[in-house]
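Data first, discussion second: the structure below is written as structure tokens.
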Amino acid sequence: MSGETMRLQMPLLAPAQAQKHVTVNEALMRLDGMVNLVLQSVSVAVPPEAVLDGQCWGVPISGQGAWSGQGGRIAVGSNGGWVFLPPAPGMRAFVADRGLQAIHDGTDWAVGALSLGTGGSGLMAGMAEGEATLGGGTSVATDVFIPAGALVIGAVGRVATGLTGTLTGWRLGTTGALNRFGQGLGMQEGSWARGLLGSPMAYYQTEPLIVSAEGGTMTGGRIRLAVHWLEMRLPS
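Heads up, the sequence shown is in UniProt numbering, so the first residue is 1 and it goes up one at a time.
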């Protein structure tokens, strides 16, 4: 009989084993990390300086330091160090730094996967978010991008710091359609935009969200933005 369980590799007690609490505690620690799995990231290659017990990371192939040679495995914080466990095909996790669910395809994490076929194809949900700091001028191309091949559902925004300048309102959109996700939007802190498209729109090249002024120019303000989309994953 193996000394550990098959799926989560939790250590098993041996007959007449001394100090059973050590083995049991190790198994409970792994269980605590892997149940309702939350991965802090699947792209960060350098381990955090502070190791938190039970905190999990998806180690990329480029893992460094204590993660070197552990690419593709799950690093679970344990007693100031790391325990490395293998993910299994079909395993699900929430990827915290992306705000998306992921399914493991047997090789890597498919972040955003809503479905995942045996051939590797799947329907993916995507989201990009960021904050636009407004300055002088009539428009700002933000750092929030729609990727190529995305079927956009909509975009949202919230004024974090009131907009200043001669403008009377603002619009949210993309090149050639500056009001696609809203126009006549409020300038005061807390004002919002919910640009839900009546018909989802396909984008075939990468484009940034654009904030533009109405009735004047902008001199300041901050807006938190996010755009949501679906995309189809190619078979492997």
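Note that the Cβ used here is the ideal one computed from N, Cα and C, for glycine as well.
In the three-state DSSP reduction, Ala66 falls in the helix class (H, G or I). By the Cβ rule, the region 44–51 counts as touching the region 59–69, because three or more pairs are nearer than 8 angstroms. In this structure, Gly119 lies near Ser236, with their beta-carbon atoms less than 9 angstroms apart.
Three or more Cβ pairs closer than 8 angstroms define a contact, and the region 118–134 meets that threshold against the region 211–227. For the pair Val111 and Pro89, the Cα-to-Cα distance works out to about 13 angstroms. By the neighbour-count criterion, in which a residue is buried when 16 or more other Cβ atoms sit within 10 angstroms of its Cβ, His21 is exposed.
Between the beta-carbon of Ile210 and that of Thr174 there is about 6 angstroms, and that keeps the pair under the 8 angstroms contact cut. A direct Cα-to-Cα measurement between Leu31 and Asp97 gives close to 22 angstroms. Between the alpha carbons of Ser139 and Gly80 lies a gap of roughly 48 angstroms. Proximity to Thr219 across Thr133, Tyr203, Leu234 peaks at Thr133, based on C-alpha coordinates. When only Cα atoms are considered, Ala148 and Thr206 end up about 5 angstroms apart. Gly186 has its alpha-carbon roughly 8 angstroms from the corresponding atom of Ala193.
For the pair Ser212 and Leu178, the CB atoms are nearer than the 9 angstroms cut-off. Its Cα nearest to that of Phe145, the residue Tyr203 stands out among Val159, Gly169, Tyr203. Under the DSSP definition of a beta bridge, Ile61 lacks any partner.
For His104, the pairing in a beta bridge is given by DSSP as Trp109. The bridge partners DSSP lists for Tyr204 come to none. Excluding five sequence positions before and after Gly190, none of the CB atoms of its chain fall closer than 6 angstroms to its own CB. The residues Glu4, Glu26, Ala27, Arg30, Leu31, in chain order, have a CB closer than 8 angstroms to that of Met10 in the same chain once the five nearest residues on each side in sequence are set aside.
One thing to note: Leu12 has its Cβ no nearer than 9 angstroms to the Cβ of Arg92. Around the CB of Ser78, 16 or more other CB atoms lie within 10 Å, so the residue is classed as buried.
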